[in-house]
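A short worksheet on the structure shown next.
Number of protein chains: 2
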Amino acid sequence: MSNANSLDVLIQALRRLPGVGVKSASRMAFHLLQHDRAGAQALAQALQVAADSVRHCQRCHTFTQADICGTCLDPQRDASKLCVVETPADQSAVERTGAYRGLYFVLMGKLSPLDGIGPKEIGLRGLFERASDGLVQEVILATNFTAEGEATAHVISEGLKTRGLRLTRLARGVPVGSELEYVDLGTIAHALVDRR
Amino acid sequence: MSNANSLDVLIQALRRLPGVGVKSASRMAFHLLQHDRAGAQALAQALQVAADSVRHCQRCHTFTQADICGTCLDPQRDASKLCVVETPADQSAVERTGAYRGLYFVLMGKLSPLDGIGPKEIGLRGLFERASDGLVQEVILATNFTAEGEATAHVISEGLKTRGLRLTRLARGVPVGSELEYVDLGTIAHALVDRR
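These protein sequence lines are chains A and B, in that order.
Each residue of the first sequence is one higher than the one before, counting from -6 in our numbering.
Each residue of the second sequence is one higher than the one before, counting from -6 in our numbering.
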């Protein structure tokens, strides 16, 4: 059936988005075509522009349209601190706290040998060079507290420990606003050990 | 910050998709830019083509690229039966059963006065004309079994009842494969009344 051919192509293309199955994709396609054609056009344009123009900052590897991102170029930032995060989303989470004024290194992933993601894929050599620029004094490991994030932090700390840098890890503990009763035991154990 | 500007535009555009918040949109943008630029290009293209070429079948209102869709043009289909559904997704659900060989009328929505969707917005006049072509003998109301779907079916049956057509509604009953213990009481009551 030639009927609705470009609709099927659209549904297949939407399924390439993470977390979108065939039902969500159909719902999205229906919504865009029936209620928001301007949204469809805007999304098409934004995808095209981003796919053409977004690349990686040469210093911190985050997404940027320039050679070096605005954060790395900002003279107000403390060049002695380097915060290592997995993704630009993690970077912006740290940034939104307003509690950090140093620089970043964005791994754009995490070590995951089963998925074929090793030290090379997340650019650890680039990180080691970046951390050895003579200005960086402290590397803050802010990878996620998942198995892969912990393994990534471990490998980075092994690679950097002979370079005379201060290596720190985000504190583990009880989340703000939570009740002890509902916090998992591993977290409480860490919060006890790291009490202050 | 000019940093990642087209990335922000992309995230905003992705948020126009139904059911996508800022976190999902960030995750989608990251995935496409980091792991699947070809997917981003394919999606941009599919959106553009669909937004430019997909329109409504003049007979049944479903999405199509032609004046009249393939289903309406198919001489094998039984023109004496007209199945009224809310969306193309509902149409394809009925179609996948293989149990129906008649034609369709797709409302492209449902009556929802609070959202400003009245009989005109879902093209009820077009349906009444379509059902009066002299060939249609039975109109099968296959709107959803929600409050709005039921109201829509009611309004359609009121509008068609003087035209000498057979009006039927999809059977309500116990879903195939389900255990009575877990079926809601309204459904069991309907299944008892409509027992055969």
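Ideal placement from N, C-alpha and C gives every residue a C-beta, glycine not left out.
- Would a C-beta distance cut-off of 8 Å place Val99 (chain A) and Tyr93 (chain A) closer than the cut-off? no
- Test: Pro168 (chain A) CB closer than 8 Å to a CB of chain B: no
- Task: Determine which residues share a DSSP beta bridge with Thr161 (chain B) and list them.
- Result: B:Ile133
- Leu163 (chain A) and Ser150 (chain A) look like a contact to me (Cβ under 8 Å); what is the Cβ gap, rounded to whole Å? Leu163 (chain A) to Ser150 (chain A), Cβ: 13 Å. No contact.
- Select from B:Gln34, B:His183, B:Ser171, B:Asp1 the residue whose C-alpha is nearest the C-alpha of Glu20 (chain B). A quick correction: the sequence has Arg, not Glu, at residue 20 (chain B). The shortest C-alpha separation from Arg20 (chain B) is found at B:Asp1.
- Contact under 8 Å by Cβ, Thr206 (chain A) with Lys103 (chain A): This structure cannot settle anything about residue 206 (chain A), because the visible part of chain A is limited to -6 through 189.
- Identify which residue in B:Val132, B:His28, B:Ser(-1) has its Cα closest to the Cα of Leu36 (chain A). B:Ser(-1)
- Query: When the Cα atoms are used, what is the spatial distance from Cys65 (chain A) to Gln84 (chain A)?
  - Reply: 13 Å
- Message: In whole angstroms, give me the CA-to-CA distance for Glu131 (chain B) and Gln5 (chain B).
- Response: 46 Å
- Listed by chain order, chain B residues near Leu7 (chain A) by CB distance under 7 Å: Leu36
- Query: Is the segment 117 to 129 of chain B in contact with the segment 66 to 83 of chain B, if contact means three or more CB pairs nearer than 8 Å?
  - Reply: yes
- Within its chain, find whatever has a CB closer than 7 Å to the CB of Leu158 (chain B); leave out the 5 residues flanking it on each side and keep chain order. Ala124, Val129, Gln130, Glu131, Val132
- Query: Can Ala39 (chain B) and Ala43 (chain A) be called in contact, C-beta distance under 8 Å?
  - Reply: no
- Query: When DSSP builds the beta bridges, which residues end up paired with Lys74 (chain A)?
  - Reply: A:Glu131
- Whole-angstrom distance between Asp177 (chain A) and Thr55 (chain A), CA atom to CA atom: 33 Å
- Item | Minimum Cβ-Cβ distance from Pro112 (chain A) to chain B less than 8 Å | no
- With 16 as the cutoff for other CB atoms within 10 Å, does Gln69 (chain A) come out buried or exposed? exposed
- Item | The beta strand (DSSP E) enclosing Phe98 (chain B), as first and last residue numbers | 95 to 99
- Item | Contact list for Thr80 (chain B) against chain A, beta-carbon separation under 7 Å | Phe23
- Message: Looking at the secondary structure, which residues open and close the alpha helix (DSSP H) in which Cys62 (chain A) lies?
- Response: No alpha helix (DSSP H) contains Cys62 (chain A), which DSSP labels as neither H nor E.
- What does DSSP give as the partner residues of Phe56 (chain B) in its beta bridges? B:His49
- Query: Can you tell me whether Ile115 (chain A) is buried or exposed, with buried defined as 16 or more other CB within 10 angstroms of its CB?
  - Reply: buried
- In whole angstroms, what is the alpha-carbon distance linking Ala31 (chain B) and Leu96 (chain A)? 31 Å
- Quick one: what does DSSP say Ser150 (chain B) is sitting in, helix, strand or coil? helix
- Message: With a threshold of 8 Å between beta carbons, is Asp108 (chain A) in contact with chain B?
- Response: no
- Please list the partners that Val176 (chain A) has in chain B, where partner means a Cβ-to-Cβ separation under 9 Å. Ordered by position in chain B, no residue passes the 9 Å Cβ test against Val176 (chain A), which lies about 23 Å from the chain.
- Are Phe121 (chain A) and Leu173 (chain A) close, meaning C-beta to C-beta below 8 Å? no
- Message: Bridge partners for Ile110 (chain B) per DSSP, in chain order?
- Response: B:Ser105
- Task: Taking only runs that begin and end inside the segment -1 to 31 of chain B, name each unbroken alpha helix (DSSP H) of 4 or more residues, in chain order.
- Result: 15 to 28
- Message: By the three-class DSSP mapping on this structure, what secondary structure does Asp187 (chain B) have?
- Response: coil
- Euclidean distance between Cα positions of Glu79 (chain A) and Gly142 (chain A): 8 Å
- Query: Straight-line CA distance for Ala140 (chain A) to Thr90 (chain A)?
  - Reply: 24 Å
- Query: Taking the C-alpha atoms as reference points, what is the distance between Ala59 (chain B) and Val47 (chain B)?
  - Reply: 8 Å
- Can you find a CB in chain B that lies within less than 8 Å of the CB of Asn137 (chain A)? no
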